[in-house]
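Residue numbers (full-length UniProt numbering): 1 to 119.
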């Protein structure tokens, strides 16, 4: 049964992590995932029997193995999410750099007495 749960979980983690970071839905999803991860971690530490019972239910031998599987899915999500965030930041930086370069060029042209429309 664990395979039937892990494969879709990994696919969903990749799909959700590669979506845009700017949407409010994406921000809410990340916050909910963070809270759920913390709550699950605290519960696993305080009540290891629950983790073992859940592991038995899904067909995993040990609760620690189930915890490892769940953490792997979370890490896959975080790696994809971080990759998207870096790409978006890089695109913003490129746009900003181009705007600064154009503004500086325009300022130099004005300082030389040339109209900005002509080099």
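C-beta: ideal position from N, C-alpha, C; glycine also. Only a predicted model underlies this, so the values are computations on that prediction, with no experimental measurement involved.
Would you kindly check if the distance between the Cβ of residue 13 and the Cβ of residue 154 is under 9 Å? Here the chain comprises residues numbered 1 to 119, so residue 154 is not present and cannot be evaluated.
Do you know whose CA, among 80, 87 and 40, lies nearest residue 66's CA? In the chain shown, counting from the first residue as 1, residue 66 sits at position 66. Residue 40 is the option with its Cα nearest to residue 66.
Backbone secondary structure at residue 81 - three-state DSSP: Within the chain shown, the letter at position 81 stands for residue 81. Helix.
Tell me whether residue 47 sits in a helix, a strand or coil according to DSSP, three-state version. What you label residue 47 is simply residue 47 of the chain shown in a count that begins at 1. Residue 47 carries a coil assignment under DSSP once its states are collapsed to helix, strand and coil.
Residue 65, DSSP secondary structure in three states: Your numbering for residue 65 matches position 65 in the chain shown. Residue 65: helix per DSSP, three-state reduction.
By DSSP, does residue 71 sit in helix, in strand, or in coil? On the chain shown, position 71 is the one that residue 71 refers to. In the structure shown, residue 71 sits in a helix (DSSP, three-state: H, G or I).
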